[in-house]
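Everything on this sheet refers to the single structure shown next.
Protein chains: 4
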Amino acid sequence: MPRGPHTRRNLLEATITVAAREGYARATTRAIADEAGVSEATIYRHFPDKLTLFAAAVGHQNADIDQALAALPERAGQGSVLENVRTCLHQLASMKEAVLPLELAMLIDPELAQARADRLAAAHELTGAPRHLADYLAAEQAIGRVRAGLDPHRAALVLLGTLFSAVVGGGPVIDDCADVLVHGLLAPVAR
Amino acid sequence: MPRGPHTRRNLLEATITVAAREGYARATTRAIADEAGVSEATIYRHFPDKLTLFAAAVGHQNADIDQALAALPERAGQGSVLENVRTCLHQLASMKEAVLPLELAMLIDPELAQARADRLAAAHELTGAPRHLADYLAAEQAIGRVRAGLDPHRAALVLLGTLFSAVVGGGPVIDDCADVLVHGLLAPVAR
Amino acid sequence: MPRGPHTRRNLLEATITVAAREGYARATTRAIADEAGVSEATIYRHFPDKLTLFAAAVGHQNADIDQALAALPERAGQGSVLENVRTCLHQLASMKEAVLPLELAMLIDPELAQARADRLAAAHELTGAPRHLADYLAAEQAIGRVRAGLDPHRAALVLLGTLFSAVVGGGPVIDDCADVLVHGLLAPVAR
Amino acid sequence: MPRGPHTRRNLLEATITVAAREGYARATTRAIADEAGVSEATIYRHFPDKLTLFAAAVGHQNADIDQALAALPERAGQGSVLENVRTCLHQLASMKEAVLPLELAMLIDPELAQARADRLAAAHELTGAPRHLADYLAAEQAIGRVRAGLDPHRAALVLLGTLFSAVVGGGPVIDDCADVLVHGLLAPVAR
DNA sequence: CATGAATGAGTGTTCATTCAT
DNA sequence: TATGAATGAACACTCATTCAT
Numbered sequence: 001m002p003r004g005p006h007t008r009r010n011l012l013e014a015t016i017t018v019a020a021r022e023g024y025a026r027a028t029t030r031a032i033a034d035e036a037g038v039s040e041a042t043i044y045r046h047f048p049d050k051l052t053l054f055a056a057a058v059g060h061q062n063a064d065i066d067q068a069l070a071a072l073p074e075r076a077g078q079g080s081v082l083e084n085v086r087t088c089l090h091q092l093a094s095m096k097e098a099v100l101p102l103e104l105a106m107l108i109d110p111e112l113a114q115a116r117a118d119r120l121a122a123a124h125e126l127t128g129a130p131r132h133l134a135d136y137l138a139a140e141q142a143i144g145r146v147r148a149g150l151d152p153h154r155a156a157l158v159l160l161g162t163l164f165s166a167v168v169g170g171g172p173v174i175d176d177c178a179d180v181l182v183h184g185l186l187a188p189v190a191r
Numbered sequence: 001m002p003r004g005p006h007t008r009r010n011l012l013e014a015t016i017t018v019a020a021r022e023g024y025a026r027a028t029t030r031a032i033a034d035e036a037g038v039s040e041a042t043i044y045r046h047f048p049d050k051l052t053l054f055a056a057a058v059g060h061q062n063a064d065i066d067q068a069l070a071a072l073p074e075r076a077g078q079g080s081v082l083e084n085v086r087t088c089l090h091q092l093a094s095m096k097e098a099v100l101p102l103e104l105a106m107l108i109d110p111e112l113a114q115a116r117a118d119r120l121a122a123a124h125e126l127t128g129a130p131r132h133l134a135d136y137l138a139a140e141q142a143i144g145r146v147r148a149g150l151d152p153h154r155a156a157l158v159l160l161g162t163l164f165s166a167v168v169g170g171g172p173v174i175d176d177c178a179d180v181l182v183h184g185l186l187a188p189v190a191r
Numbered sequence: 001m002p003r004g005p006h007t008r009r010n011l012l013e014a015t016i017t018v019a020a021r022e023g024y025a026r027a028t029t030r031a032i033a034d035e036a037g038v039s040e041a042t043i044y045r046h047f048p049d050k051l052t053l054f055a056a057a058v059g060h061q062n063a064d065i066d067q068a069l070a071a072l073p074e075r076a077g078q079g080s081v082l083e084n085v086r087t088c089l090h091q092l093a094s095m096k097e098a099v100l101p102l103e104l105a106m107l108i109d110p111e112l113a114q115a116r117a118d119r120l121a122a123a124h125e126l127t128g129a130p131r132h133l134a135d136y137l138a139a140e141q142a143i144g145r146v147r148a149g150l151d152p153h154r155a156a157l158v159l160l161g162t163l164f165s166a167v168v169g170g171g172p173v174i175d176d177c178a179d180v181l182v183h184g185l186l187a188p189v190a191r
Numbered sequence: 001m002p003r004g005p006h007t008r009r010n011l012l013e014a015t016i017t018v019a020a021r022e023g024y025a026r027a028t029t030r031a032i033a034d035e036a037g038v039s040e041a042t043i044y045r046h047f048p049d050k051l052t053l054f055a056a057a058v059g060h061q062n063a064d065i066d067q068a069l070a071a072l073p074e075r076a077g078q079g080s081v082l083e084n085v086r087t088c089l090h091q092l093a094s095m096k097e098a099v100l101p102l103e104l105a106m107l108i109d110p111e112l113a114q115a116r117a118d119r120l121a122a123a124h125e126l127t128g129a130p131r132h133l134a135d136y137l138a139a140e141q142a143i144g145r146v147r148a149g150l151d152p153h154r155a156a157l158v159l160l161g162t163l164f165s166a167v168v169g170g171g172p173v174i175d176d177c178a179d180v181l182v183h184g185l186l187a188p189v190a191r
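Protein chains in written order, with my numbering: chain A, 1 to 191; chain B, 1 to 191; chain C, 1 to 191; chain D, 1 to 191.
Next comes the structure, spelled out in structure tokens:
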């Protein structure tokens, strides 16, 4: 059995498991190595340092999330927009739950946050989950189910942004988010 | 000159300053004491431990935020809802910026998150900033500028929830949030 | 009401109380001040430092013990020697219990142990409890109830020495000590 | 060369050395690590905390003491009882000298003392040094050199108990202890 | 006489990381 | 490739002590 790649995956998943179960502060190299069933030194055979390991772990999990959303644009025109958005947010929330401690923690550190911001700014084009969501909204917009004035890219980012609080707030909050995001606050007469 | 209360305020503000400038991980007791111009031991004459200091610092800053929003309900009926929400979010974002590292960090730790969740669940009634925002939305709803089906309490929490991502994403994102939240995604014809 | 002397006694007794209840390591100036109902700074109005306070506390308690043993020599010739010794040891043990943590702790510190040894060596004559016990043994020796070869001074110190272990070992151990000390190990035929 | 076990022994002996030389209060992890020529962190790779290290150090030293006393029972009937007891006490005293600060310190802490008391109470049967001494006394009793009424187990504990004070009091005190313990206080006529 | 406030020096403990094997 | 052993630097926290009031 090829141990090399296996060990790498093992470490990525152990990182997410430990961070989700015990929190970022307790996601130490020792705890991760224990969870993966390897020695601490082994971590450094696969990753130059702890930060790189964490970044790789987040990327690993997000790859799954992106894949899960790939089919979303095809649903444009089917069901209701509210239903589609709600389902999408629930799905994302459950998948994000495990990586959230890691992602938030990386957001908290100024250096890392800066690095992340630079990377996002450099990529004018969206990729991954935001891309799929923006594509879905654009498709709905094309068939007139989403209002014309909306910028699909920006709206997608707003939707995803609510996830941070939705995951923290728990299930019911997600439905509230979907409702407000889809229908807005305004009364029809006021428009 | 009474130094006691002065030192306490000094420590609370030093905590927020350091956490905002250098990040949560580097907001050590040493750094905070240096910033406040006192010794580390002094921290422990005013707070039993670091966690309590952090919680007090968040509360201290949030008290200012709550106060700033107290006048919001009176603005119902004036200007446009979009303008009011946008202004409110901008104001909140700039004030929250400093406490965000602290609040996020406390969300990350499972113990603290649990404690926070219990406390929020126990308080059925909203207080502080959420309360003021909900009151504003209810007032707008009473005069027909916000749609009737909306639950003002829940909607207020959704709006505030977007702050987490808005602060992280930076200024322009806030306008996008306000736009989507106020107008929703749907095309008028689809309603 | 004269607070000065009262506060001093108060501190001495608080010191013994705290050390006996919570152990030497937890007999901090803070704990003692709390127990006495005064501020930490007050300690330093009455004693130059913590060590002096502890020494005074031991002396304070030992004064009571010495007084309790003053009547012992008069009991020579009455009852049995075993009974008298046993009673004496029990009485001492119960009184020493409170100061033992303090006395042992001072024995443990090399500097203090040296200081104590010098002081004891300088005082050829016994004083206090050892003195009374030696007097008692000498009196019994004079009337032929204690063997002639015994040095009352040294024997008194041996008896008192067993207290350290007796207090630690608990009640029943004291009777065993008295029995062995009084009767010895040897069979009559072997003498 | 296998460094693991070597480092462990090294730490145990450094602990005893430092505690004996500088006293319990100054037997800090830093001082012990320096004495052992390792870093403080190394201590925590071999022992979970300082207390466990100290307990292990006491056990380590006591193992040597137990071994030294193993041959004592065979000496029953040889020489005189006084000589045997005196020799035994001297030997124990010199070996105990190094661990005494540690053992006394553990006696002082209420928690530790309780734990020790429970452990001793649970072990009805004696082990180690007390066991060997009791065996010796029983053997002497069998051949009529120790008085019939004596309980060897309890007497052994009394003898060992004098060590606490004998070690503190120094060499000459040990002879006094042996004399009183062996011959008792009573005059022959009084028996 | 008493104290509230402050602190320098130090504590045990943890962590990410290195390196010889 | 994997690891057992080791560690420097840092951490939150405590203590006996001082001093202006």
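C-beta: ideal position from N, C-alpha, C; glycine also. For clarity, every value in this text was computed on a predicted model and none was experimentally measured.
{"Query": "Note down the Cα distance separating A/Asp-109 from B/Pro-110, rounded to an integer number of angstroms.", "Result": "19 angstroms"}
{"Query": "Here's a check: name, in chain order, each residue in its chain whose Cβ is nearer than 8 angstroms to the Cβ of C/Asn-62, leaving out the five neighbours to either side.", "Result": "Val-99, Gly-128, Ala-129"}
{"Query": "When you compare only the Cα positions, how much space is there between A/Pro-2 and D/Thr-29?", "Result": "Legend: pLDDT at A/Pro-2 = 48, less than 50; position of this residue unreliable, value from coordinates given subsequently. Going from the Cα of A/Pro-2 to the Cα of D/Thr-29 covers about 44 angstroms."}
{"Query": "For C/Val-158, I'd like the list of residues in its chain whose CB is within less than 6 angstroms of its CB, leaving aside the five on either flank, ordered along the chain.", "Result": "none"}
{"Query": "Relative to the C-alpha of B/Tyr-44, which candidate in B/Leu-53, B/Ala-36, B/Gly-37 has its C-alpha closest?", "Result": "B/Leu-53"}
{"Query": "Tell me which residue opens and which closes the alpha helix (DSSP H) that D/Glu-83 is part of.", "Result": "81-108"}
{"Query": "For chain B, is any of its Cβ atoms less than 7 angstroms away from the one on A/Leu-133?", "Result": "no"}
{"Query": "In terms of residue numbering, what span does the alpha helix (DSSP H) encompassing A/Thr-52 cover?", "Result": "50-69"}
{"Query": "In the DSSP assignment, what are the bridge partners of B/Val-146?", "Result": "A/Leu-186"}
{"Query": "Taking the straight line between their C-alpha atoms, what separation do you get for B/Leu-150 and A/Pro-5?", "Result": "51 angstroms"}
{"Query": "Beta-carbon separation of B/Leu-102 and B/Val-58 under 7 angstroms?", "Result": "yes"}
{"Query": "Check the Cβ-Cβ distances between D/Val-18 and every residue of chain C, and say whether any is below 7 angstroms.", "Result": "no"}
{"Query": "Once DSSP output is grouped into helix, strand and coil, what is the label at D/Gln-78?", "Result": "coil"}
{"Query": "Have a look at B/Leu-107 and C/Lys-96 and give me their C-alpha separation to the nearest angstrom.", "Result": "53 angstroms"}
{"Query": "Quick one: grab the DSSP three-state call for A/Gly-23.", "Result": "coil"}
{"Query": "Spatial neighbours of A/Ala-41 within its chain, please: CB distance less than 7 angstroms, with the 5 preceding and 5 following residues excluded, ordered by chain position.", "Result": "none"}
{"Query": "Could you round the C-beta distance between A/Gln-91 and A/Ala-68 to whole angstroms and report it? I think they count as a contact, below 8 angstroms.", "Result": "6 angstroms"}
{"Query": "What number of angstroms, rounded off, separates the C-alpha of B/Leu-160 from the C-alpha of B/Asp-135?", "Result": "14 angstroms"}
{"Query": "For D/Ala-76, which residues of its own chain have a beta-carbon under 6 angstroms away from its beta-carbon, when the five flanking residues on both sides are left out?", "Result": "Tyr-136, Ala-139, Glu-140"}
{"Query": "Determine the burial state of C/Ile-143: buried for a count of at least 16 other Cβ atoms within 10 Å of its Cβ, exposed for fewer.", "Result": "exposed"}
{"Query": "Is there a C-beta anywhere in chain A that falls below 7 angstroms from the one on B/Pro-110?", "Result": "yes"}
{"Query": "Along chain B, which residues have their Cβ under 8 angstroms away from the Cβ of A/Asp-176?", "Result": "Asp-151, Arg-154, Ala-155, Leu-157, Val-158"}
{"Query": "In chain order, what residues of the stretch 11-41 of chain A put their CB closer than 7 angstroms to some CB of chain B?", "Result": "Glu-22, Gly-23, Tyr-24, Ala-25"}
{"Query": "D/Val-99 touches chain C at which residues, Cβ-Cβ below 7 angstroms?", "Result": "Residues of chain C passing the Cβ test: none, with the nearest at roughly 12 angstroms."}
{"Query": "Does the Cβ of D/Gly-184 have 16 or more other Cβ atoms within 10 Å, making it buried, or fewer, making it exposed?", "Result": "buried"}
{"Query": "Does A/Val-180 have its Cβ less than 7 angstroms from a Cβ in chain B?", "Result": "yes"}
{"Query": "Which residues in chain D have a C-beta closer than 9 angstroms to the C-beta of C/Val-173? List them in chain order.", "Result": "Arg-154, Leu-157, Val-158, Gly-161"}
{"Query": "In the structure shown, what three-state DSSP assignment does B/Phe-164 receive?", "Result": "helix"}
{"Query": "Does any C-beta atom of chain A lie closer than 7 angstroms to the C-beta of B/Phe-54?", "Result": "no"}
{"Query": "When DSSP labels each residue in this structure, what does B/Arg-191 get in the three-state scheme?", "Result": "The predicted position of B/Arg-191 is uncertain, since its pLDDT is 45 and thus under 50; a value taken from the coordinates is nonetheless stated next. Here B/Arg-191 sits in coil by DSSP."}
{"Query": "Terminal residues of the continuous alpha helix (DSSP H) containing B/Thr-42?", "Result": "40-46"}
{"Query": "Cβ closer than 7 angstroms: which chain D residues qualify as neighbours of C/Ala-93?", "Result": "What C/Ala-93 touches in chain D: nothing, since even the nearest Cβ is about 12 angstroms away."}
{"Query": "List the residues of chain B whose Cβ lies closer than 9 angstroms to the Cβ of A/Ala-105, in chain order.", "Result": "Tyr-24, Ala-25, Leu-104, Ala-105, Ile-108"}
{"Query": "Could you spell out the range, first to last residue, of the alpha helix (DSSP H) harbouring D/Asp-34?", "Result": "29-36"}
{"Query": "So with Cβ pairs under 7 angstroms, would you call C/Phe-164 a contact of chain D?", "Result": "yes"}
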